[in-house]
Amino acid sequence: MTPADQNPPRYITRILIILLVSRILLCLVGVGAREIFKADGVLEIETTTYSTIQSLDIWGRWDSVFYIFIAEHGYTDLLTSQVIEPLDLRLLNFFPLYPLLTYLLSYILGNTFISALIISNVALGGATLLLFRIVQKESDDKTAFHSVMFFILFPTSFLFSAALTESLFLFLVFLTVYAIQRSRWFLALIMTIFASVTRSIGIFLLIPLIFYYVSEVQRGFLNFFSRLWEIVIPAGIGLFIWGAYNYSLTGDFLYFTHTQKYWFKELGNPFTNISSLLSGKDDEKLLLAGWRRIRLPYLVWAVAVMFLPISMGIGNTMRYIAPVFPIYILLGKSIRNPYVLIGTYVALGLSQILLFMNWAIGGPLVV
Numbered sequence: 003m004t005p006a007d008q009n010p011p012r013y014i015t016r017i018l019i020i021l022l023v024s025r026i027l028l029c030l031v032g033v034g035a036r037e038i039f040k041a042d043g044v045l046e047i048e049t050t051t052y053s054t055i056q057s058l059d060i061w062g063r064w065d066s067v068f069y070i071f072i073a074e075h076g077y078t079d080l081l082t083s084q085v086i087e088p089l090d091l092r093l094l095n096f097f098p099l100y101p102l103l104t105y106l107l108s109y110i111l112g113n114t115f116i117s118a119l120i121i122s123n124v125a126l127g128g129a130t131l132l133l134f135r136i137v138q139k140e141s142d143d144k145t146a147f148h149s150v151m152f153f154i155l156f157p158t159s160f161l162f163s164a165a166l167t168e169s170l171f172l173f174l175v176f177l178t179v180y181a182i183q184r185s186r187w188f189l190a191l192i193m194t195i196f197a198s199v200t201r202s203i204g205i206f207l208l209i210p211l212i213f214y215y216v217s218e219v220q221r222g223f224l225n226f227f228s229r230l231w232e233i234v235i236p237a238g239i240g241l242f243i244w245g246a247y248n249y250s251l252t253g254d255f256l257y258f259t260h261t262q263k264y265w266f267k268e269l270g271n272p273f274t275n276i277s278s279l280l281s282g283k284d285d286e287k288l289l290l291a292g293w294r295r296i297r298l299p300y301l302v303w304a305v306a307v308m309f310l311p312i313s314m315g316i317g318n319t320m321r322y323i324a325p326v327f328p329i330y331i332l333l334g335k336s337i338r339n340p341y342v343l344i345g346t347y348v349a350l351g352l353s354q355i356l357l358f359m360n361w362a363i364g365g366p367l368v369v
């Protein structure tokens, strides 16, 4: 056990305070933006109301309505419920762990939306601390702190506090990496299973898991392949259970893979978007430019996670880029000049505020 594991880092309290202040600031910005734009009649707020408390209601939009619906009614009531327009079985596109946890907590609290927000924000707090620990173990306290700051200030990080799967998924990703770093293979496998039933890309956690397992336990790929079942088969349990549930409802084990077209997300040829990726100022370009600073398992994970959104078009990647945690590590390791660091913080923070204003007022920009 390293000293970092034995002694609570002095940055932890500071990180939690910064995270809390950032959420309070976003609440003020979101509520203020709604009041201003509603008064001017510029835009109409999204018709779905999640809470009569504006500072809570602003955290529900886009897929929130579907996760709340599933938490309240499950997947089998889609043809009979009048809560939202019947969508047949297309909601099987939304993986079950987040709505299941929301349902369980709402059984205690009596409010589904607030339960969803609690799960998201508790997961966000856990993910923030885990990211610090992950970078701290491989680098130092200062680099870990800067990586966390980039994570908190990232333009789309407000999504981690919303009634969406983003923060829960990232918490499971970070907990898997944390366990891998410390050779806690059973914990890493369990978290991979949970991640794979939170979002489909969770199964890609097998990539860093296999890399580290091969290098530290099996000492080579030849030995690993002889014991492939120890990792790959257990890690696939989550997807197998989800597929079996899909089969019980539809007769199609992979039905959830066919629902993307109903949500305007059809898999295309990712190579048709490479020129846009390389010529633009996307986060993907940052990874390509700084790959030498990132561990190979993390880089392969990043490429695998970005493959699907890139194949669906560059315009759809802003939200789905959030789980690519090597971006935050790369920024934390690369920017050392204090003036550049502060300038980058300010630029990212302002970008997040503008995007959140768009989110809060039901604006047209989809991130």
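So for the sequence shown, this note's numbering puts the first residue at 3; every next one is plus one.
Every residue gets a Cβ at the ideal spot worked out from N, C-alpha and C, and that includes glycine.
Computed from a predicted structure; not experimentally measured.
8 Å contact criterion, which residue i and residue j should meet: CB distance rounded
i	j	result
Ala190	Phe171	Going by Cβ atoms, the distance from Ala190 to Phe171 rounds to 15 Å, so no, they are not a contact pair.
Asp59	Ser66	That pair is no contact at about 10 Å.
Ile17	Phe134	6 Å
Gly334	Phe152	6 Å
Phe242	Val307	Not confirmed; about 21 Å, so no contact.
Phe327	Phe176	7 Å
Phe39	Ile355	Rounded, the Cβ-Cβ distance is 15 Å, inconsistent with contact.
Leu21	Gly112	At roughly 27 Å, the Cβ-Cβ gap does not stay under 8 Å, so Leu21 and Gly112 are not in contact.
Phe160	Leu27	Not quite, the Cβ-Cβ distance comes to about 10 Å (not below 8 Å), so this is no contact.
Ile14	Leu99	Actually they do not touch by this definition, with Cβ atoms about 27 Å apart.
Buried versus exposed, by CB contacts within 10 Å (16 or more), residue i
i	result
Ala349	exposed
Glu168	buried
Thr51	exposed
Ile212	buried
Ala304	buried
Ile209	buried
Gly345	exposed
Thr30	Here residue 30 turns out to be Leu, not Thr, going by the sequence shown. Result: exposed.
Trp361	buried
Ile110	exposed
Ser108	buried
Ala129	buried
Ile55	exposed
Ile235	exposed
Arg36	buried
Glu251	Residue identity check: residue 251 is Leu in the sequence provided, not Glu. Leu251 should be labelled exposed.
Val179	buried
Ser149	buried
Leu332	buried
Thr117	The sequence shown places Ser at residue 117, rather than the Thr named in the question. It is buried - the Cβ of Ser117 has at least 16 other Cβ atoms within 10 Å.
Tyr215	buried
Gly34	exposed
Gly253	exposed
Leu106	exposed
Leu357	buried
Minimum C-alpha distance to residue i - residue among the options
i	options	result
Leu93	Asn339, Thr259, Leu357	Thr259
Ile239	Met193, Ala362, Val179	Met193
Ala73	Glu37, Val175, His148, Thr114	Thr114
Leu174	Thr158, Leu155, Ile195	Ile195
Met359	Arg297, Ile235, Pro157, Leu343	Pro157
Ile154	Arg12, Ala181, Arg25, Asn95	Arg25
Phe102	Leu343, Ala125, Tyr69	According to the sequence provided, residue 102 is Leu. The question's Phe does not apply to it. Closest option to Leu102, Cα to Cα, is Tyr69.
Tyr414	Ser122, Phe147, Gly253	There is no way to answer for residue 414, as the model of the chain reaches only from 3 to 369.
Trp373	Ile121, Gly245, His75	The chain is shown only over 3 to 369; residue 373 falls outside these bounds and no answer can be derived.
Tyr300	Tyr330, Arg321, Tyr322	Tyr330
Arg297	Trp244, Ala246, Ile136, Leu256	Ile136
Lys2	Leu343, Asp254, Ala246, Leu106	The first residue shown for the chain is 3 and the last is 369, placing residue 2 beyond what the model contains.
Glu140	Trp244, Arg63, Ile182	Ile182
Gln138	Val302, Arg12, Gly365, Pro325	Arg12
Tyr77	Val23, Asn248, Tyr322	Asn248
Gly245	Ser57, Trp64, Asn95, Gly32	Asn95
Ser57	Phe71, Trp64, Thr261, Gly32	Gly32
Check: residue i C-beta below 7 Å from any heavy atom of the ligand PLP
i	result
Val150	As far as ligands go, the structure on display features none, and thus does not contain the ligand PLP.
ask   = Contact between the region 194-208 and the region 152-165: three or more CB pairs below 8 Å?
value = No, they do not touch.
inquiry  = Pairs of beta-carbons, one from the region 169-187 and one from the region 332-345, closer than 8 Å: are there three or more?
reply    = As far as the Cβ criterion goes, the region 169-187 does not touch the region 332-345, which means the pair count is below three.
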